[in-house]
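A short worksheet on the structure shown next.
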Amino acid sequence: MMTSVDSFDSRPIGIFDSGVGGISVANAIRQCMPNEQLIYVADTINAPYGEKSDEFIYQRMAYISQRLLQHDVKAIVVACNTATTAAIARLRSEFNLPIIGVEPGIKPAVLATKTGVIGVLATPRTLKTPAFANLTQRFSGQAKVLLQPCPDLVLQIETLAFASKTMDSSLNSYIKPLLNQGADTLVLGCTHYNFIAKQIAVKAGPEVTIIRTEMAVAKCLQQKLYMESKLSTEHPLGQAVFITSGDPLLFKQQVNALWQVKADLANLEIKSL
Ligand code: DGL
Numbered sequence: 450m451m452t453s454v455d456s457f458d459s460r461p462i463g464i465f466d467s468g469v470g471g472i473s474v475a476n477a478i479r480q481c482m483p484n485e486q487l488i489y490v491a492d493t494i495n496a497p498y499g500e501k502s503d504e505f506i507y508q509r510m511a512y513i514s515q516r517l518l519q520h521d522v523k524a525i526v527v528a529c530n531t532a533t534t535a536a537i538a539r540l541r542s543e544f545n546l547p548i549i550g551v552e553p554g555i556k557p558a559v560l561a562t563k564t565g566v567i568g569v570l571a572t573p574r575t576l577k578t579p580a581f582a583n584l585t586q587r588f589s590g591q592a593k594v595l596l597q598p599c600p601d602l603v604l605q606i607e608t609l610a611f612a613s614k615t616m617d618s619s620l621n622s623y624i625k626p627l628l629n630q631g632a633d634t635l636v637l638g639c640t641h642y643n644f645i646a647k648q649i650a651v652k653a654g655p656e657v658t659i660i661r662t663e664m665a666v667a668k669c670l671q672q673k674l675y676m677e678s679k680l681s682t683e684h685p686l687g688q689a690v691f692i693t694s695g696d697p698l699l700f701k702q703q704v705n706a707l708w709q710v711k712a713d714l715a716n717l718e719i720k721s722l
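Residue 450 is where the sequence shown starts when you use our numbering, and the numbers rise one by one after that.
See the structure below:
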């Protein structure tokens, strides 16, 4: 049991993504640390980040981090692989608080594969970054790593079109070539894809392992807060606040569909960034 009576910091945790993908990370954080207060920011107006430059993404990360600091957050989670691989090092050098990122789970995939072939589904941008190349070089070992850019999935998930024909044919076109090349492990390298993990698993079949990273991120954050005596023990169920740079009404529908803590939805309050 990690919590102790000595560790007490009821300030909120800030979490952000280009859109709704990071809600999957927030769900894991909520499950792991129900006492914590959460502030989730979706930069909806700028989604997908995958089409933007490093500089633009960094400027948004810095702006959102400043806004979160105005809410006195004790830690920030960059719940986006694209933003993490683009500029988390720069963000950490500019902001003096714990900043946790999310990267494709190459390491657990290499441990899981039996065929020695893994497939990584991610935004085209994530797969092109030096940070991703470095991650693959560090952890792939003898495994063959197949890269599958999925340019259209983020926006389909933003519109909650999980069961559409377009989604179905996109997934077929991304997953089948990976399986044909012997992949037995698929890495979900974008937080949005956690919301279609079941569809991906069904398409890939029971022999294929799906690697998600949101719970590992939540546990890493928990460990970090514990080490710094910043875990909260005050609230039985911490408050969750949702903020968007886009249309608040649309965001409310998205949060209603994707946020797992139904108790929070009764008083759901959406704010504008
Ligand atoms: N959820 C983001 C990620 O994990 C989406 C990136 C984007 O907006 O392009 O990569």
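Where a beta carbon is used, it is the ideal one built from N, C-alpha and C, also for glycine.
Given the structure is predicted, the values throughout are model-derived calculations rather than measurements.
Not one heavy atom of the ligand DGL is found less than 7 Å from the C-beta of Y507. Beta-bridge analysis with DSSP links S721 to T693. DSSP places D466 in the uninterrupted beta strand (DSSP E) bounded by 462 to 466.
Its Cα nearest to that of P557, the residue G590 stands out among G590, P579, A528. Separation of the CB atoms of L602 and I555 is rounded to 19 Å, and the pair is thereby denied contact status at 8 Å.
Within the segment 584 to 655, complete beta strand (DSSP E) segments of at least 3 residues are found at 593 to 598, 634 to 637, given in chain order. If you look at I660, you'll find it in the beta strand (DSSP E) that goes 658 to 660. Counting C-beta pairs closer than 8 Å gives three or more between the segment 524 to 539 and the segment 505 to 516, which meets the contact rule. Around the beta carbon of P579, fewer than 16 other beta carbons lie within 10 angstroms, which makes this residue exposed. Distance from the CA atom of T640 to the CA atom of V474, rounded to whole angstroms, is 7 Å. Short note on R587: C-beta not closer than 7 Å to any heavy atom of the ligand DGL. At the C-beta level, V666 and V551 come within 8 Å of one another.
For S514, same chain residues with a beta-carbon under 7 Å away, outside a window of 5 residues either side, are I525, L540, F544 in chain order. Where Y675 is concerned, the enclosing alpha helix (DSSP H) starts and stops at 663 to 676.
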